[in-house]
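>
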Amino acid sequence: MSHDPAHAASAPAAVPGSIGPEANILVGKADWFMNWSRKSSLWYLLFATACCGIELMQTGASRYDLDRFGAVFRATPRQADLMIVAGTITHKMAERVKRLYDQMPEPKYVLSMGSCANTGGPFYKDSYCVVKGVDLIIPVDVYVPGCPPRPEALIDGIMKLQKIIMQKRNFAAKA
Amino acid sequence: MEPKDIFDALKARFGDAVAELQGEAFRPPFVVVSPKSVLDVARFLRDDPGLAFDSLMCLSGVDYKDRLAVAYHLHSLRAKHRIGIKVFLPREAPSLPSVDAVWPAANFMEREAYDMYGIVFEGSKDLRRILLPEDWEGHPLRKDYKYPEFYHGIKV
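Protein chains in written order, with our numbering: chain A, 1 to 175; chain B, 1001 to 1156.
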């Protein structure tokens, strides 16, 4: 809007209780704003190694529509904030998981999806090749149980992660 | 051709290298042959016009505790018959000629048998581990396999 005095005279007068034309400042906490921005744009690395990946695809598709949380998949770890480990991790794959995690920029989060990624699942006993939980390789923020979890469970896990992100203190003095 | 006829044809051609016909009640029964002769038997099975086994459906390793074995499942699309070939091997240093020159599909399956049982296929085009990491120790589908405690610092 113009600030020409001639127009100012014709602007509607501020009625009591209204914000008025010049009020374009919001006062809030910087932490809250940064956390809100981060939780609302959780770009996740498309990392599916087993049947959980099918449920992850379904969660991302139109019926469950993960996009409405600002979560869209990325094909490269360098653009991703969140790694959804969807599926069995073998010892051969473990090094690749670690490398992909290291390539993600900070701040980064890991969601372990399904029994295999949580604990090794059905391969917990008597398997020489399956890693018994992805948390042996990388730190995990949220565990989603299920074999595989339904899309509702995965969405619940992502909302739990959003709550974790909202608790972050970005500007607190370092001890 | 019936399995008995296939067995007789092999017996007539290779003599003592062909031992017996196993499990005639099953489809397909297995013809047991000696390890050294397996490449010649394979070539004969493929090239003989009456046998014409043009498809190697499956090649698998087996551990019978006292000995190892390699089992070949063959099918002929032209003659519409099938047969199994079985080769028994000792547990110590098991090796036999590769058949990937006869059926190229054998290569991946031989690599799997090598990976899981440690059976060496001599003269193979490319005999490497196919499923496990290249620096893995041991062959896990053997009955006497001991699990490692750690692999690259991760507990197994």
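In this text, a Cβ means the ideal position worked out from N, Cα and C, and glycines have one as well. Here the structure is a predicted model, which is why all the values come from computation and not from measurement.
#1: What are the partner residues of B/Asp-1063, as DSSP defines its beta bridges?
#2: Note down, in chain order, each residue of its chain lying with its Cβ closer than 6 Å to the Cβ of A/Gly-157, except the 5 sequence neighbours on either side.
#3: Can you pull the chain B residues whose beta carbon is under 9 Å from the beta carbon of A/Ile-137, in chain order?
#4: List, in order along the chain, the chain B residues whose C-beta lies closer than 7 Å to that of A/Tyr-128?
#5: Leaving out five residues before and five after A/Gln-221 in sequence, what residues of the same chain have Cβ atoms less than 7 Å from its Cβ?
#6: Report all residues from its chain with a CB closer than 6 Å to the CB of B/Asp-1115; omit the five preceding and five following residues, and keep chain order.
#7: Who are the neighbours of A/Ala-94 on chain B, taking C-beta pairs under 9 Å?
#8: Give the DSSP bridge partners of B/His-1075, in chain order.
#9: Can you pull the DSSP bridge partners for B/Lys-1155?
#10: Should A/Pro-105 go down as buried or exposed, given a rule of 16 or more other Cβ atoms within 10 Å for buried?
#11: In whole angstroms, what separates the C-alpha of A/Ser-127 from that of A/Cys-52?
#12: By alpha-carbon positions, which one of B/Ala-1025, B/Val-1099 and B/Pro-1035 ends up nearest to B/Ser-1055?
#13: Which residues in chain A have a C-beta closer than 8 Å to the C-beta of B/Pro-1133? List them in chain order.
#14: Less than 7 Å separating the beta-carbons of A/Cys-129 and A/Thr-88?
#15: State buried or exposed for A/Phe-171, treating a residue as buried only when at least 16 other CB atoms are found within 10 Å of its CB.
#16: Taking the CB atoms as reference points, tell me whether B/Val-1102 and B/Arg-1043 lie closer together than 7 Å.
#17: Apart from the five residues on each side of it in sequence, which residues of its chain come closer than 7 Å, Cβ to Cβ, to B/Lys-1143?
#18: Tell me where the beta strand (DSSP E) around A/Ile-84 begins and ends.
#19: For B/Tyr-1147, count the other beta carbons within 10 Å of its own beta carbon; 16 or more makes it buried, fewer makes it exposed. Which is it?
#20: Give the single residue among A/Lys-29, A/Leu-46, A/Ser-115 and A/Tyr-64 whose Cα lies nearest to the Cα of A/Pro-151.
#21: Following the continuous beta strand (DSSP E) through B/Ala-1019, name the residue where it begins and the one where it ends.
#22: Count the C-beta pairs between the region 1044-1052 of chain B and the region 1075-1095 of chain B that are closer than 8 Å, then say yes if the count reaches three, no if not.
#23: Just to confirm the assignment, what range does the alpha helix (DSSP H) spanning B/Leu-1014 have?
#24: Given B/Arg-1091, which residues of its chain have a CB within under 7 Å of its CB, disregarding the five upstream and five downstream residues?
#25: Rounded to whole angstroms, what is the Cα-Cα separation between B/Ser-985 and B/Phe-1026?
#26: What number of angstroms, rounded off, separates the C-alpha of B/His-1180 from the C-alpha of B/Phe-1030?
According to the structure shown:
#1: DSSP output for B/Asp-1063 lists B/Leu-1068 as bridge partner(s).
#2: Excluding sequence neighbours, A/Gly-157 sits near Leu-111, Val-142 and Val-144.
#3: Taking a Cβ-Cβ threshold of 9 Å, the residues of chain B close to A/Ile-137 are Ile-1154, in chain order.
#4: Contact annotation for A/Tyr-128 against chain B: Pro-1140, Tyr-1147 and Val-1156 [CB-CB distance below 7 Å, chain order].
#5: As displayed, chain A neither begins before 1 nor continues past 175, which places residue 221 of chain A out of reach and without an answer.
#6: Within the same chain, B/Asp-1115 has close Cβ partners Arg-1129, Ile-1130, Leu-1131 and Leu-1132.
#7: Annotation: Cβ neighbours of A/Ala-94 in chain B (cutoff 9 Å, chain order): Tyr-1151, His-1152 and Ile-1154.
#8: B/His-1075 is bridged by DSSP to B/Ser-1055 and B/Arg-1082.
#9: Per the DSSP secondary-structure output, B/Lys-1155 pairs in a beta bridge with B/Phe-1150.
#10: Of the residues assessed, A/Pro-105 falls on the exposed side of the cut-off, its CB having fewer than 16 other CB atoms within 10 angstroms.
#11: The straight-line gap from Cα to Cα measures roughly 19 Å.
#12: Ranking the options by Cα distance to B/Ser-1055, first place goes to B/Val-1099.
#13: For a Cβ distance threshold of 8 Å, residue set His-91 and Lys-92 of chain A lies close to B/Pro-1133, ordered along the chain.
#14: For A/Cys-129 and A/Thr-88, no; Cβs fall outside 7 Å.
#15: Classification for A/Phe-171: exposed.
#16: At a Cβ-Cβ threshold of 7 Å, B/Val-1102 and B/Arg-1043 count as neighbours.
#17: Around B/Lys-1143: Asp-1063 and Lys-1065.
#18: From DSSP, the beta strand (DSSP E) with A/Ile-84 extends over 82-86.
#19: Exposed, by the Cβ-count rule.
#20: That would be A/Tyr-64, whose Cα lies nearest to the Cα of A/Pro-151.
#21: Note, B/Ala-1019: beta strand (DSSP E), 1018-1022.
#22: Put simply, the region 1044-1052 of chain B touches the region 1075-1095 of chain B. At least three CB pairs are less than 8 Å apart.
#23: Going by the sequence as given, residue 1014 of chain B is Phe instead of Leu. Unbroken alpha helix (DSSP H) run through B/Phe-1014: 1003-1014.
#24: Cβ neighbours of B/Arg-1091 beyond the five flanking positions: Arg-1067 and Leu-1068.
#25: Past the edges of chain B, shown from 1001 to 1156, lies residue 985 of chain B, and the structure says nothing about it.
#26: There is simply no residue 1180 of chain B to check, as chain B begins at 1001 and stops at 1156 in what is shown.
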